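Residues in the sequence shown are numbered from 3 upward in steps of one, following this note's numbering. Step one of this worksheet: look at the structure below.
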Amino acid sequence: MKWSQAQSSAITTTKRNLIVSAGAGSGKTAVLVERVLHLLETDPALNMENILVMTFTEAAAGEMRQRIAVRIQERIQEYRQMGNSAAAQRLRRQSSSLWQAQISTIHSFCLEVVRQNLLYLDLAPDFRLLDANEQALLSIDVANHVIERALADDSGDAQAIRQMMIGLRLADDKNLAKVLLRLYDAANSQVHPETWLQEIAQAYPSTYRLWSETPFANAFSAWVLEHLEMAHNDFALAHTLAETIPEVDKYAAWLQDAKDIVAQARHAFESATGTIDFDELAASISRFTALKSPRSSYKGPELQQIKVLRDEGMESMKAIVPVLARGVEGLSQDLVLLSPHIKTLCQLVEAVIEEMRRRKQAEGVIDFQDLEHLAFTALADEQSGALYRLQENYRHVFVDEYQDTSPIQDAIVDLATLDQDNLFAVGDVKQSIYRFRMAEPGLFLNRYGRYQAEDGGLAIDLTENYRSRDGVVHFVNFVFGQLFSPELTGFAYDKRARMVVGASYPPAEPSSPLVEVHFLDRSSALSENVQADSTEVARQESAKPFEDVDVSALEREARVVAKRIREMMEAENVQVWDNKAGANRKLAFGDIAVLLRSGRGALNTVVDVLQASGIPVSATTSTGFFEALEVQWLMACLSVIDNPRDDLPLVTLLRSPFVGWDENMLARVRLSSRRTLWDGVRRIARHDDEASLDESQKRIRDEDSVSRARAFLQQLETWRTFARQSSVVDTLYRVMEDVDYMRYVRGMSRGKIRKANVQKLLDLARAYDERTNFAGLYGFLQQWQREDEADLDLGAANVTEPDAVQVMTIHRSKGLEYPVVFVIDLGKQFRLTQDILYVNRDVGIGAVAYDPHTHQRWRTVSSIAATHAERRSTLAEEARVLYVAFTRARERLIVVGSTQNLARQVNKAVYAHGGQRQQLLAGAFTGAKSFMDWLLPIMLRHPRATALQQLVQSDSWDGHVFATEGDHLALYVYDMNQVAASETKRQNVDKSSEWAWDAIVERIAQQPRERATIRIVDRPDHALDVLFGKVSATDMRRLHVALMGDAPVRRRQAAASLLEDPAFVRPNAVTPREEGIAFHAFMQRFRMSIDGDEASIAQEIERLIEEKQIDAKIAAAVNIPQVARFLQSPLGRRMQKGLRVFREQPFFHRIDVPVDNGRRTVPIVAQGVIDCLVEEADGWLVIDYKTDHVDAANVTSAKREYEAQVATYLEALRPLTKTKPVQAFLYFVRPNTALEVESLSLPDIFVELLRRHRQQGE
């Protein structure tokens, strides 16, 4: 491999500490692996066990070990070819010892240090490591215990704590506990937690001291200067407009005075002596408050713009004037008054630390934070000998993702490499997005700055991007050149940080723009006088406005995504580069990722929209398990079994599929008793007080209601009796079996994921039973409640699909890359506020002053400083999150965002840069509430953003755009009405929303009367119990055959095929069942463009194996001659010539069965999968493959057996095929015979079933 000069330096430089700033796609892992190999080859005395590699995830450690192993094997082969057997033998020994080498997470390394120093650390050898959830629950318990113990004391300390709770407005114990735990976590990320707590307490002086001499001064001054800068910029722009118009000369004079006052205030903060001139500051504030707003009779359009700018400037000044008007003495005295409260709070945190140590020591457990501090303690003490032994063993230390280290982790790295000059730290501060895990990007920047000045080491920059096409790289540079700056994010996006195109791609196919930006207006229509640019909004002009419905902005964005995916996959025929094949290939669903800032509900919304558009989706999130509907239903059922008098779980259970009561039934229950809901259920079910009921109560207790209530109580009592004698997991199984729960869950949207969530709950229950020796249901519910209240989440179960669009959070995508990436939901607001008190790890605690007598509150220097510092840190991380999202794209990047009143936001964005400066103003950066607040002003200055620039009022647009390195951008502006409300149109086919199968079954599932599979729900007509709530297409076939008067005899081969010989008896034989599975697998995945001869089919099978679309075992079972016969048949040729082909197409269909002589209907949900659906120029074609043992003589009778199954397909397709005829064929593979099948009445099948059931009852 050819290395760049920077990469070569990173690989070969030794005997110096190195920090490598590796931009996205710069090959940092490859460089790290090559450096390991280089060290082994150039130092004969070095072995793998002498190399320490620390990563931040187990997955990264595993990948690192694997890549080192592969590279060593490659080098061994090279040496063998060169005839250097000695070198090959040495590397072979290193390869053998690789799996014992210390390539692990930093916590695994710390665990190893702790285990080697148990005696010194006074730890028992059998200590247990708490997982993250256990640690969180223990922390909450300890915090609550410390609070209760402190308040129970009658000493003066308890009085001080009560005063603190009042003074800091923490009167609620829960709020106090939250603050204690936030400070506890922040303290434990430091090298010396108690020392850090003492320092932030001492930031509040006990005696009078100028606020400018406290640790809050810098952050507070930055806040003031930021607002002054924004005000000055707005006043200056308004003045420039006003001074050219004689009729508004009073405005011009007022604006000039405002500018002068702001300049005076800025001068007071930026005096040459470095200290604040408080007299000048007070004078400027006094002048500003004395200003009187001018008036003017001028009605020109310029005046409105002048007023807008003036008001913006006034808003900036109004934020700081009331604070500064309190004067230096008032601001300084606030800190003194708050000092005792802050010290008491910090002492409580120290008590939490001490109690946590005591509790963990008593239980013989430690947590991950303990691992770090114990390892540091052992290494820092010379008497332990731990550092000496470590440095003797490890001659080289590697730290991957160094930007994500915390202070304590960085201190461990410093100790491990003390005086050794053997550190190799690699990372990218632009991708530091784990601040919530106490990562501190400033540590990377500090070390990088020192090494760049060659103070203790050497800094190397890897800027070449070998991942992305040039258009993506240029777009990223354009955006983040304006967003990143030393003042706002801590570093400059200069030549040492900007990405350089390093990837070599063939020309893109098609040659459309590689980067797309789609902006949606959430509110009203865009300005009617905006003339869309013909080039940039061609896609909008060709599309008619769609029907508007009330759906969320995210759903609209997801529909844009679905539309673009379909266009790229079908109309545009987008090609992507295949490294293995060394050529372009057609875009597949698995090449696409959709990234969001957060998961939970947003992720589910996107999945639903894509699935409704017929796009296969695989979703990945670390949250959502506790909120999953299928989990909540089960937990509500367990809660009611344990305690039926708890109304909330009871109403959840009654509305769930377990019972299925509607609002009317619940209303009857509520009206029947004024006590609890449980009393109401029992009251309806009683039969011994009929005589005492008046007419209204009798109407409430009709026969149906009484019957349903009694059935529920009987079922619940059965469950409660069982639960008293059984484990939690057995109780869950019993409940699920009684109502056929898994069948219902599988029928819901995202059924596979829901099923996996239920299985995950069962696993948790089983683990609880085993851990607690079957402690019972109450304990399990208590643990669940504690975890829920602690806001813990296990993450929804992940179900991977072989070829599906990946939907995930941006954090989850880190380290991954995809040919096509959508980044959406950019209008989602940042979480910029903390509950109660602000805590910033650099500034400390930000407390608001409070007078308990007058109940007045006011901002203080400390609260403003901590708020501002935390806001800046949070926004800087959000900018880095956006960088991570954009740099996941290899070939195409599509950005989708929406905002309220887009035109107004665009006009505001004009002033975000302050003239022609290619950098956002500080106020524009820190004032952002979402990614859109950054992207609008950034994109407004792009040469290709004509559609956005036309939204700017002509009198305020300066026409200035920034130069960019490439011309690969297309920008589109949408009114919300232009986004399809139903399934997005594609290729001029108007697909009805009824085609959204998952949406249909979700709606049907919400109708309690239609859940006929729930057996505890009685019906007035018990004959209807024979009807199914949901059937598969295969069930329809079986039912049809059973009801046929001359039903064909089941073929012996069909049953015999189920009784296969064991695999060891037929090691090389393929069973008919395996052959059938293989035929369907191939037909689902092969390329329609291949020839139908056997050689082409064999070649296609090899491709599918190589791309891991089918495994080798299935591929070996494909009967190639059978496939060839089908593809060469008239039906096969029709399929290959189709306009569009949908394979393995899932569907849901509602069958309305008439009952009560046609007076009403009972709905039944039919579901299934269509083998092949083909759109032709003049109609639709359905093909159902049958691999049964059927010969030519029996195909006609076999066709009759499958009529109802195919009829189900035809009825489900009816909404889609209203304007085109549809033909359906059964293709019997073995005799190579295709037979056309006509539809039949599906409701008639159930009507006949009911008739026969009633006859048997009579």
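Glycine included, C-beta positions come from ideal geometry on N, C-alpha and C. Predicted model, so just to flag it, every value in this text is computed and none were measured.
Residue nearest to residue i in terms of C-alpha spacing, selected from the options
i	options	result
T1073	T1189, Y1204 and E65	T1189
S900	R919, L884 and L828	L828
M1046	L1251, V883, V850 and Q951	L1251
T862	V908, S223 and F58	S223
A1194	T1235, V809, I1185 and F280	T1235
V354	A377, L178 and T407	L178
A501	N467, Q393, F477 and S815	Here residue 501 is Met; the residue named in the question, Ala, does not match the sequence. Of the candidates N467, Q393, F477 and S815, the one whose C-alpha sits nearest the C-alpha of M501 is N467.
S341	S470, E201 and E394	E201
A1118	H970, W101, A1179 and F1084	F1084
N581	A555, F521 and P508	P508
Y495	P512, K432 and N448	K432
Beta-bridge pairing of residue i - partner residues as DSSP gives them
i	result
F1230	K1188 and T1235
W663	Its beta-bridge partners do not exist; DSSP assigns none.
K588	Q577
S106	M56
L1183	V1176 and Q1225
H1151	A1168
N467	V503
Y820	A891
I21	A427 and A461
Neighbourhood of residue i by C-beta, 7 Å cutoff - its chain only, sequence neighbours within 5 removed
i	result
A638	P651, T654, L655 and S658
L938	Q907, V908 and A911
P1010	At P1010, the pLDDT of 43 sits below 50, so the modelled position is not reliable; the number obtained from the coordinates is stated separately. Once the five neighbours on either side are set aside, the close Cβ partners of P1010 are G662, W663 and D664.
E489	A924
E374	C112, I410, Q411 and I414
D1095	A1126
Neighbourhood of residue i by C-beta distance below 8 Å, restricted to the same chain and skipping five residues each side
i	result
T419	N19, V399 and L425
I1247	M1038, L1041, H1042, L1045 and A1206
I322	W225, V226, H229 and L230
Cβ neighbours of residue i in the same chain (closer than 6 Å, five flanking residues each side left out)
i	result
V897	V519 and V825
E665	none
Residue i versus residue j: straight-line alpha-carbon distance, rounded
i	j	result
M166	A687	54 Å
R1136	G473	40 Å
E1077	I594	32 Å
A240	D143	57 Å
K816	H915	30 Å
A573	C1174	20 Å
E1104	R1232	24 Å
R882	F888	10 Å
E196	D960	55 Å
A871	M56	31 Å
S641	E789	15 Å
S470	K565	24 Å
K1110	R1089	15 Å
P443	P207	29 Å
E1238	S1091	25 Å
V1003	E893	Residue confidence for V1003 is low, a pLDDT of 39 falling below 50, so the modelled location carries little weight; the figure read from the coordinates is stated next. If I take the Cα positions, the gap works out to 37 Å.
I1116	F1227	26 Å
Beta-carbon proximity check, residue i vs residue j, cutoff 8 Å
i	j	result
R587	V578	yes
S191	M440	yes
R647	T622	no
L1244	I1153	yes
E632	N759	yes
D22	A12	Checking the displayed sequence, the identity of residue 22 turns out to be Val instead of Asp. Taking 8 Å as the Cβ cut-off, V22 and A12 qualify as a contacting pair.
L597	I812	yes
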